[in-house]
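In this note's numbering, the protein residues as written are 8 to 255.
Quick reminder that beta carbons are idealized off the backbone N, C-alpha and C, glycines included.
Predicted model, so just to flag it, every value in this text is computed and none were measured.
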Ligand SMILES: C[S@@+](CC[C@H](N)C(=O)[O-])C[C@H]1O[C@@H](n2cnc3c(N)ncnc32)[C@H](O)[C@@H]1O
């Protein structure tokens, strides 16, 4: 794993973020990006940054101020430093509940959501501690709902929604059994069996599905399941996580 440390402003981020699908962290006054493969020469040239080799496990290389996605949304824990990003999301994670914002699948979902003009509702299916739902609500989507089968995740998601002063309808639900709530945009950062259930339930209310939680080998089957939707945008990481925006 490679780490690139550099300095820059919003204009530089506009140039390099499309080339850095895993996003950019702030670390004090510096910006930090990670990649499983050597950074593209265009990124090195634009940033003039320093490259180090670092452990592949993200837990061993957490930085102290969360992550900034597309220069717009900062996701951090209550214990990390505030960033200057215009939208700040503060999330706590507890026990096995997923979703500190550190995972590239979450970051890619945010990057894809940022490309849509907020108009209508969002359902975060497999919401973990509510990170994506909170981002959606802060961007202006409404109403926002989130479900997860893990009760502690929903408990923490409710606390996180309150911490971020957003109104989200959160509920424990096992999508292997229960029907998913539907909305104009579905955020589904979840394993393929969840996609299969959601895809079977989608109706004319749904205009976009942001799909992640899958690897390259799973893309074809997952896309096929969302019949009537086309891949509008695809992102991927070097370690094979994929995120797609499907639109109809
Ligand atoms: C990769 S995590 C994503 C969490 C969050 N959306 C994010 O991006 O930070 C996948 C989530 O899907 C949930 N999940 C997996 N299978 C599920 C099911 N059958 N019903 C509901 N939630 C499920 C997990 O508990 C987990 O919180």
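For residue 167, the uninterrupted alpha helix (DSSP H) run begins and ends at 158 to 170, by DSSP.
As DSSP reads the structure, residue 119 sits in no beta bridge. Scanning 95, 173 and 73 for the CA closest to the CA of residue 33 turns up 73. Counting only the Cα atoms, residue 50 lies some 24 Å from residue 120. Here residue 90 has 33, 72, 73, 75, 81 and 83 as same chain residues with Cβ atoms under 8 Å from its own Cβ, once five neighbours each way along the sequence are excluded.
Residue 142 is not bridged by DSSP to any residue. Annotated as distal: residue 132 and residue 177, with beta-carbon spacing of 8 Å or more.
For residue 34, the enclosing beta strand (DSSP E) starts and ends at 31 to 34. Non-local C-beta neighbours of residue 93 in its own chain, meaning closer than 7 Å and more than five positions away in sequence, comprise 79, ordered along the chain. With respect to the 8 Å criterion, residue 151 and residue 128 are classified as neighbours on the basis of their beta carbons.
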